[in-house]
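Below: one structure, written as structure tokens.
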Amino acid sequence: MKLSDYSTIAFDCDGVILNSNKVKTNAFYDAALPYGENNAEKLKKYHTQNGGISRFKKFRWFVDFFLERSIRNEAYEQLLTRYADIVEKGLLNCEFNEDLYELKKQTQNANWLIVSGGSQSELRALFKKRNLADLFEGGIYGSPDSKEEIFDRELEKNNISVPALFIGDSKYDYFSSSKYGLDFVFLSQWTEVDDWKSFCEENGISYVDSLKSFNQ
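Numbering (our numbering), first residue to last: 3 to 218.
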């Protein structure tokens, strides 16, 4: 199917819209560093192995497995605060995927939206500050709702109408979108998934190395 045939095009944010994967990976490590380098490395690894899942679930996993019960709730809130502070600065300055502008011209009849694992309120504020919000007339959505919850809700509201495409850079992006009948393309440009190519080939997933590839 040609890109111009889609009624809806949804995008992940980190690694697709913004070159921000490393910003967030480093932020997980730095946020957890007060609990030891070894634990910080474990959280960093868990994050990269579970791309697309919200920070809330990742930090809850971390405190439940590595911290004493008596400090878990307080530590959880501190981790979230530290992480958000670090990420905010990084996202304001990281690279934006300028290929989106040409893609927008080619898909003027499609409804665009963001479906991200990042904090919804932070994403909306960020996209407004970076003058990107107007690209996504369908809305900007994120955690604490999961991607499955967002797809389910927006399909029910007809904000996502088929044929629909999701462009992402993680395994979870593929599983969550295909579960709800969206086509999926894996963008490898900034992904942190080491075995992305074999994963795509084993599952029959289309992939591109940049958004420019849609024009070729």
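Quick reminder that beta carbons are idealized off the backbone N, C-alpha and C, glycines included.
Legend entry - Spatial neighbours of Ser-190 in its chain, beta-carbon cut-off 8 Å, leaving aside the 5 residues before and after: Asp-171, Trp-198, Lys-199, Tyr-209, Val-210, Asp-211
Legend entry - Whole-Å CB distance - Val-18 paired with Ile-169, under 8 Å assumed: 6 Å
Inset, instruction - Please classify Thr-83: does DSSP put it in a helix, a strand, or coil? - result: helix
Inset, instruction - Keeping to the same chain, check which residues put their C-beta closer than 6 Å to that of Tyr-1; ignore five residues upstream and five downstream. - result: Outside the displayed span of the chain (3 to 218) sits residue 1, for which this structure offers no information.
Inset, instruction - Alpha carbon to alpha carbon, how far is Glu-70 from Gly-140? Give it in angstroms, no decimals. - result: 43 Å
Inset, instruction - Quick one: grab the DSSP three-state call for Ile-73. - result: helix
Inset, instruction - Starting from the C-beta of Arg-74, find all residues in its chain whose C-beta is less than 8 Å away, skip the five residues before and the five after it, and write them out in chain order. - result: Val-65, Asp-66
Legend entry - Inter-residue Cα distance where the pair is Asn-23 and Lys-91: 14 Å
Inset, instruction - Thinking Tyr-174 and Phe-186 are a contact (beta carbons under 8 Å), I'd like their distance in whole angstroms, please. - result: That pair is no contact at about 11 Å.
Legend entry - Residues bridged to Leu-20 [DSSP beta-bridge criterion]: Asp-16, Phe-98
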